[in-house]
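When you line the sequence shown up against the numbering used here, it's residues 493 to 905, in that order. Note that beta-carbon positions come from the ideal geometry of N, C-alpha and C, so glycine has one too. What you are looking at is a predicted structure, and each value in this text was computed from that prediction instead of being measured.
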Amino acid sequence: MRFLGLEMKRILTTKRTWILLAAALVFSGMLAYIPVTFEEVSYTDEQGQEISLKGREAVTYLRGQRSKLEGEVTPEKVKQALFAYQECLTKYGVEDTYELPEEADTTMLIPYWELIHGVREAFADENGMAPALTEIPIEETNRYYEKVQERTKALLAMEQPGHRSAQKIGENLYQDVEKPFQYYSGISSNAMDYQVLLIYLITILCVVIASPIFSSDYQTGADDILRCTKHGRGKMAACKIGSAVLICGSTFLICSMVWIAVTNTLFGWESTKTSLQVIFSISSLPNLDIGQTQWLNLAAGFLMFLAMISFALYLSTKMKSMVSSLAAALVFCFLPVFATSVFPGQLGLWLQCLLPGGGIGMGNSFLYMLIDFKFLHLGSQSVWIPYVLVAVTLVQIPVFLGAAVHSHCKMRK
């Protein structure tokens with residue numbers, strides 16, 4: 493414990509570490525606040541004046557306007573939303589909202605914004621093309637959840653043609669989704685995107701902290717002295733690794749929880765009870781609300797973060813300079829992001845899942861895998877990618893940490 497304390501003190505007393513830790517904390521607050529600044533609404537008041545609200549004021553106003561819609565998303569509420577849009581579009585003689593003239597009064601549509609995209613999804617044709625809102629029969633909204641189920645099944649068949657196993661897994665997952673959906677005004681998908689960005693930024697910052705843990709001693713020659721001591725190999729390696737994991741892991745958890753606390757305070761904690769399907773896609777497979785999604789994304793992100801830090805520590809034992817260890821670790825931070833764009837199809841997905849931190853990034857994040865229909869295939873069997881990402885990560889962490897200790901003990905100058 494004394495060695496561990498001394499090693500943590502050594503890391504924390506460097507100026508670079510304090511700058512990076514401070515940056516991580518600033519990012520957590522900033523990335524929680526930015527999404528609320530995007531919220532805005534304009535409406536015409538009783539005196540005929542145009543009122544524009546932004547930020548918290550817009551969130552509060554919208555919550556008041558949508559209060560009667562909160563709770564279960566019943567077919568009756570869906571019918572109200574469709575009727576309001578059809579009435580407005582008919583009044584101005586257009587077929588879609590983007591065709592509305594600038595002078596159009598859309599005040600009546602404000603309460604229904606979050607429900608209407610689900611209507612268009614549910615009534616999309618077999619090619620995935622959403623119909624014009626004026627083309628959807630009002631009475632068909634009574635079958636809203638039947639249409640939702642049918643649409644999800646059709647999407648699975650389109651996304652996973654020839655893979656009945658994947659389709660079956662998706663159908664079973666969606667069967668467990670609680671219906672009617674729940675809706676509470678507040679948090680948006682934009683805000684959730686910033687949790688993804690925060691996890692990615694914290695990972696990069698902590699990799700910069702962890703990557704020189706061993707290589708700095710190799711570079712300065714301090715390791716030659718430490719190896720001559722009684723506990724200069726295995727025990728010292730374990731203390732170095734433990735200190736890096738404790739410092740980086742604590743930073744990740746503190747910053748992630750700050751983001752959740754600030755985000756939900758700004759948008760309203762009540763809104764975390766909204767079903768994932770309302771905020772993202774009605775065909776999202778997990779049976780989760782937004783609050784559960786935030787914590788699941790944090791937990792999965794933390795595991796993949798630890799895998800990336802463990803791999804950075806292993807690389808550090810293999811490099812004899814701080815620059816090379818940092819460069820190698822950062823390359824592996826970026827690789828999963830490009831895996832699916834550079835390598836097509838299943839090859840890119842396999843690489844993403846097998847690389848450390850495979851679910852940390854923007855397009856490849858664990859959150860986006862949760863709301864997508866991507867599967868890995870082995871013959872006739874399929875596995876949903878979020879399951880693979882977590883399973884691979886649980887194997888990677890002890891393997892990389894053990895390899896780091898072994899590599900340090902066997903290091904030769």
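If only complete runs of 4 or more residues are kept, the segment 626-709 shows the alpha helix (DSSP H) at 636-651, 656-667, 681-702, in order along the chain.
Per DSSP, L807 is one residue of the alpha helix (DSSP H) stretching across 782-810.
Under the DSSP assignment, Y577 falls in the alpha helix (DSSP H) whose first and last residues are 567-583. Within the segment 807-879, complete beta strand (DSSP E) segments of at least 3 residues are found at 867-870, 873-876, given in chain order. Proximity of the segment 753-761 to the segment 507-519 falls short of the contact definition, fewer than three beta-carbon pairs being nearer than 8 Å. The C-beta distance from L512 to L697 rounds to 5 Å, short enough to meet the 8 Å contact threshold. Counting of Cβ neighbours within 10 angstroms places E499 among the buried residues, the total reaching 16 or more.
For L607, the CB contacts under 8 Å within the same chain, skipping 5 residues up- and downstream, are L561, V565, K569, V570, A573, Y675, V770 in chain order.
Distance from the CA atom of I801 to the CA atom of N682, rounded to whole angstroms, is 28 Å. Residue pairing from DSSP places K546 in a beta bridge opposite E532. Burial state of P828 is buried, judged by a 10 Å Cβ sphere holding 16 or more other Cβ atoms. For R612, the uninterrupted alpha helix (DSSP H) segment begins and ends at 605-614. Contact check for V700 against M854 fails: the beta carbons are separated by 8 Å or more.
Within the same chain, T536 come within 6 Å of D597 by CB-CB distance, once the 5 residues on both sides are set aside. By the C-beta density criterion, D668 is exposed, having fewer than 16 other C-beta atoms within 10 angstroms. In this structure, A576 keeps its C-beta atom at 8 Å or more from the C-beta atom of Y553. Here the segment 774-787 lies against the segment 609-617, with 3 or more beta-carbon pairs under 8 Å apart.
Around S767, the same chain offers F673, Q674, D781 as residues with beta carbons nearer than 6 Å, after the five sequence neighbours per side are excluded. Secondary structure at S767: strand, using DSSP grouped into helix, strand and coil. Per DSSP, reduced to three states, the secondary structure at E499 is helical. Distances from the CA of M621 to each of M650, Y636, E594 were compared; the closest alpha carbon is that of M650. Here DSSP, grouped into helix, strand and coil, assigns G563 to strand. At a Cβ-Cβ threshold of 8 Å, A895 and Y806 count as neighbours. Judged by pairs of C-beta atoms under 8 Å, the segment 817-831 does not touch the segment 862-872, as fewer than three such pairs exist. When only Cα atoms are considered, Y692 and I889 end up about 18 Å apart. Spatial neighbours of N789 in its own chain (CB-CB distance under 7 Å, excluding positions within 5 residues in sequence) are listed in chain order as Q687, F858, L859. Rounded to the nearest angstrom, the gap between the Cα atoms of S742 and L846 is 25 Å. Contact annotation: F744 and F797 have beta-carbon atoms nearer than 8 Å. Secondary structure of E538 (DSSP, three-state): coil.
Collapsing the DSSP output to three states places K727 in a helix. Annotation: R555 to L758 spans about 12 Å, alpha carbon to alpha carbon.
G734 and D588 have their C-alpha atoms some 58 Å from each other. Looking at the backbone, the Cα of V897 and that of S874 are separated by about 35 Å. Contact between L496 and C731 holds, since their C-beta atoms are separated by about 5 Å, short of 8 Å.
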